[in-house]
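These protein sequence lines map, in sequence, to chains P and L.
Residues 38 to 878 (the working numbering) are what the first sequence spells out, left to right.
Residues 144 to 261 (the working numbering) are what the second sequence spells out, left to right.
Take a look at the structure set out below.
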Amino acid sequence: MPRPTLSRILRALPALIGLTGALWLGAKGAGPLPPMGPLLDPWRGLWAVAATAELPARADGRIPGLGDSVSIRYDDRGVPHIFARRETDAWRALGFVVARDRLFQLELQARAGAGTLTALVGKAALPLDRETRQLGLPRAAERRMAAVDTASDGWQAVLAYSAGVNAWIDQLDQRHLPLEYRLLQKWPSRWRPIDCLHLFDRMGLTLSMSQDELTQLAASHLVGRAAAEALYPINAPIQEPIQPNGQTAPRFDNRKIPPPGPPDTSVDLAGRTGRSPIGPHAPPAGPALSSDDGIGSNNWAIAPRRTRDGYALLAGDPHLDLSLPSIWYEAHLVVPGRLDVYGVTIAGAPTIVLGFNRQVAWSFTNTEGDVVDYYLEQVDDERHPTRYLLDGSWRPLQIRLEAYPGVHGDTIALDTLRFTHRGGLRKIDGRWISTRWTMLETGFDGGALVAAARAGSVRQWLEAMSIWGAPAQNMIVADRAGSIAIRSTGRFPLRPGKVAGNQLEDGTSSASDWTGYWPLSAYPQAIDPAQGYLASANQQPIDPKVNPAYFGSNWASPWRAERINQILRADSAMTPDKIRQMQTDPASPRADLLVPWFLNAANVDPGDVQLQRAARTLEQWDRRYTRDNHRAILFEAAMRELNAKLWDELVPGSGFRAPDGTLMEPPPYPGLMVVAELLQDPGNAWWDDRRTPDKIETRDDILAASLRAAYVRTVAEYGDPDRGGWTWSTRWTMQVPHLLRLPGMASPPVSVQGGPSTLSPSSRGVDFGASWRMVVELGPTVRAWGVYPGGQSGNPASPRYLDHLQKWSLGELDTLRLPAAADSLPRDQTSAQLTLTPWSQ
Amino acid sequence: MSSRNKLLLRSALPVGLLTIGIMATTLALPWWSVAVAGLLYGWLIPAARAWQAGAAGLVAWSVLLLVAAVEGPVGVLAGRLGVLFHVPGAVLLLVTVLFAAVLGWGGAGVGKAISRKL
């Protein structure tokens, strides 16, 4: 053997350096780059995500515990139609197909409810996990799990679904691993039945956590208690309730709004609680949106006598934070003689949540009732309390140590959590406050939805859903016999007489505690009303003149409800297509109310050229938020100016601090119903802009100044009104983000019809919109249409990732396929087949 | 067959076999198997050139990428990942095949040096 010479060594050196560098980069990564070897591997790395993006035309799977084989047909929209002989098999199959399409979403959402996101995505999720655990959500899920009726249908569904999810995970290979796991260098965790509870708890946090007490207190601290109570009223000043009250138009219960008063220092509690105890869900800091601007969920049902073809019609479009993949997953479950239900489920829910069967259709909007109360507690030790005072005696706190795992299994943080008999106890601005919340006491009952899916009539459906606890929902339902009904369903607290519900309560007395829950008969509800239709849009459910009991406060303005009812009252020959058009209706009762006031106010200064131009421009608006509209943008700018000028007293000065010196958050702007009240009172002190001490402004001064400023600003930003820059579609777009907000995985921007307080408000920049639109006609043969802004697949490379988005943005609906049997789905409508067979280990 | 063609075939054959070998090992083993294949090539083939193993790695992974592209929308994925990693999607594809080339080339270069040392 020749001895290596120096030149030979030098010749090999570049190769050695290259090899070492490549191996290092491949195994360890560099800087922000993760280990690149597993990612770049063309067979089982990132590129495999593309190779496995489409479902194979035919596939087989095996699930332990399956009673019989299950046949699944994916239609041309990617929707699985599951044909099983037993319900438990159908639920297993549902778990399997959801995991197949949405595995990462399943785990992410369950972890969000369990407070264990840090183990998956790292430290960035620690605040979210802390919030979840401090509220007591995982603890509540564990308690419910321990008390579950293991023989119930709901629990059987949970178990079967979990087995289906795990069957997919167990047979998962590297090539089918979702993209997000690759980027995070993680492998999916097995699904536990309790994860179904965690998922719904997280939904409950989104839908039913409220802070009316804190809004009141922060406002009291700025403008006094009387003004605060008027600005965030218990009852909506415009009544268009869900439970029909015999009116044929909204009722304006105008009040005199008290002027802003001095800070109410007697309400010292404001100083303790102005800062949100639940962090990210706090009212936005600084100049906030009015509470009406972006929210929106709608549903309505029409009795056969008010439809063209004589069949009951039902529509639903719940609005939520949008994401890719979508929160919803479409599926159809068929068990002959037992179940035939189509609709949308949430990844992690063992059955259909919103949908229809061959007899009944249903949909939800959020009730927005007050199901959360806050209590100021007295503890034995300000720093490390172990007991709290109740009715003069010390009671032990329940202590729970919480460890937050990191991505490598290490512990990245520890918390000591304390609980009173009411719920989680947290120290906020130097005071100890506990929270009681229906979600922690009732939570998700899968049995209700499982039974509802089998219902043959409206009454059976209502009976099945009567056990629903939280989050409270306005549940609308219609059946083929022509019956329609609506009921705000969930647990609503019964409070003792002196407890207001929207005020911070004294925790040292059990007299502050809830005394039970409303009886079912007292829930806001209506069945087959004389008017022939029912609707809800998050408005106050029941007219306080019908039932004055406290149900919540600071309700959303009823603009959407008003518009729905306006259309339904006027048309007694409704059709599915008219309903479809309603779901993106561009008209706005809010604009109808406010535009005349702006125009009238422009008369205060006929010599102001800019103001007159602004008024002429606004007058040209048809008050519709159509894509090609060139004027809506001016009105929205004027509304922003109006909010800023009208509510200047609610923008805190430098002295707005808690006793411990912490800068407090201001309350959100009051709703537009309060603005509507003030419009009737031109000299009310609220119209005066305190920032101009040499002048006392009236209503018209402020409206004119707002319109003028909006015009000047809009021209400066977008140019002359008629040169194209004001087109609504270019200024009002939606971009649906990825669940992890990963750049590149979001949808392209799409323009949408609608604007603030229209039926489809699709908030710009907030990613909030119609998460699912559905129309069902309950004729001799049930027909249905639907769409959501995304696609069935969670794989960003898949053609099914956002294939429904375009139709959604255009306000169109897909015809939903409803095969009665596996072989009745036409071949040209079948995109893939999957056969599941039992597997005994 | 001319002697020139024979010579070409004689030198191309090992490279072709190596390309197939890298494809096979990539299917069966993790990404580092490319370096192992290159190392064995440089070690066992006396006339081996390191660049030949690099070329084989590049071609092998290119073919596998093509297979993936036939199976699914690699271009769409490259576009999305490109936004994620702040580079054009095509760069990611290029990086992928160059990564295999460096592994193969480096492995073969080291293998050849070891072979001479022994």
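Ideal Cβ placement from N, Cα and C applies to all residues, glycine included.
Check, Outcome
"Bridge partners for GLY756 of chain P per DSSP, in chain order?", "DSSP lists no partner for GLY756 of chain P."
"Using the Cα positions of ASN282 of chain P and GLN497 of chain P, report the straight-line distance between them to the nearest angstrom.", "25 Å"
"Please confirm whether any heavy atom of the ligand ZN lies closer than 7 Å to the CB of HIS235 of chain P.", "Ligands in the displayed structure: none, and consequently the ligand ZN is not present."
"When burial is assigned at 16 or more other CB atoms within 10 Å of the CB, is THR20 of chain P buried or exposed?", "Any question about residue 20 of chain P goes unanswered here, given that chain P covers just 38 to 878."
"What does VAL226 of chain L touch in chain P if you count any residue whose Cβ is under 7 Å from its own?", "PRO780, GLY781"
"GLN171 of chain P by DSSP, collapsed to three states: which one?", "helix"
"Quick check on the burial criterion: 16 or more other C-beta atoms within 10 angstroms. Buried or exposed for LEU187 of chain L?", "exposed"
"Could you check what DSSP says for LYS464 of chain P in three-state terms: helix, strand or coil?", "strand"
"Three or more C-beta pairs closer than 8 Å, one from the segment 389-402 of chain P and one from the segment 434-443 of chain P: is that the case here?", "no"
"Secondary structure at GLY506 of chain P, three-state DSSP: helix, strand or coil?", "coil"
"Which chain L residues sit within Cβ distance under 7 Å of VAL86 of chain P?", "LEU220"
"Measure how close the beta-carbons of HIS356 of chain P and GLY333 of chain P come, nearest whole angstrom, since I'm counting them as under 8 Å.", "4 Å"
"Leaving out five residues on either side along the sequence, give the residues of the same chain with a beta carbon under 6 Å from the beta carbon of THR475 of chain P.", "VAL408, ALA507, ARG528"
"Roughly how many whole angstroms lie between the Cα atoms of GLY249 of chain L and VAL158 of chain L?", "15 Å"
"Checking contacts by CB at 8 Å: is LEU60 of chain P closer than that to chain L?", "yes"
"Is there a Cβ of chain L sitting closer than 8 Å to that of GLY385 of chain P, yes or no?", "no"
"Sort L:ASN148, L:ARG153, L:LEU207, L:PRO189 by Cα distance to GLY164 of chain L and report the nearest one.", "L:LEU207"
"To be precise: take each residue of the segment 66-80 of chain P, compare its Cβ to all Cβ atoms of chain B, and keep it if any distance is under 8 Å. Which residues remain?", "Reference to chain B is not applicable here, since the protein chains of this structure are P and L."
"Would you be able to state if there are at least three C-beta pairs under 8 Å between the segment 221-236 of chain P and the segment 177-184 of chain P?", "yes"
"Since ALA178 of chain L meets chain P, which of its residues come closer than 8 Å, beta carbon to beta carbon?", "LEU56, ALA59, LEU60"
"What residues from the segment 89-110 of chain P come within 8 Å of chain L, judged by C-beta to C-beta, listed N to C?", "THR89, ALA90, GLU91"
"Could you please give the first and the last residue of the uninterrupted beta strand (DSSP E) stretch that includes SER400 of chain P?", "397-403"
"Quick one: what's TYR554 of chain P bridged to in DSSP?", "P:PRO530"
"Please name the residue in P:ASN291, P:ALA286, P:VAL260, P:ASN335 whose C-alpha comes closest to that of GLY298 of chain P.", "P:VAL260"
"Out of P:PRO341, P:PRO774, P:PHE588, P:ILE513, which one is the CA nearest neighbour of ASP608 of chain P?", "P:PRO341"
"Since TYR755 of chain P contacts TRP763 of chain P with CB under 8 Å, what's their CB separation in whole angstroms?", "5 Å"
"Along the segment 188-219 of chain L, what residues have a CB closer than 7 Å to any CB found in chain P?", "ALA193, TRP204, LEU207, LEU208, ALA211, GLU214, GLY215, PRO216, VAL217, VAL219"
"Return yes when the Cβ of ILE279 of chain P is within less than 8 Å of the Cβ of ILE523 of chain P, no when it is not.", "yes"
"Where does the unbroken beta strand (DSSP E) through SER108 of chain P begin, and where does it stop?", "107-112"
"With C-beta atoms as the reference, is PRO287 of chain P less than 8 Å away from PRO595 of chain P?", "yes"
"Using DSSP's beta-bridge definition, name the partner residues of ARG473 of chain P.", "P:ASP410"
"Could you compute how far the alpha carbon of LEU359 of chain P sits from the alpha carbon of TRP684 of chain P?", "30 Å"
"Alpha helix (DSSP H) containing ASP614 of chain P: first to last residue?", "613-620"
"For LEU235 of chain L, which option in L:LEU246, L:GLY222, L:GLY200 has the closest C-alpha, if you only look at C-alpha atoms?", "L:GLY222"
"Do ALA17 of chain P and THR125 of chain P have their C-beta atoms closer together than 8 Å?", "Since the first and last residues shown for chain P are 38 and 878, residue 17 of chain P lies out of range."
"Kindly indicate which residue of L:ARG153, L:VAL226, L:LEU182 has the alpha-carbon position closest to the one of ALA52 of chain P.", "L:LEU182"
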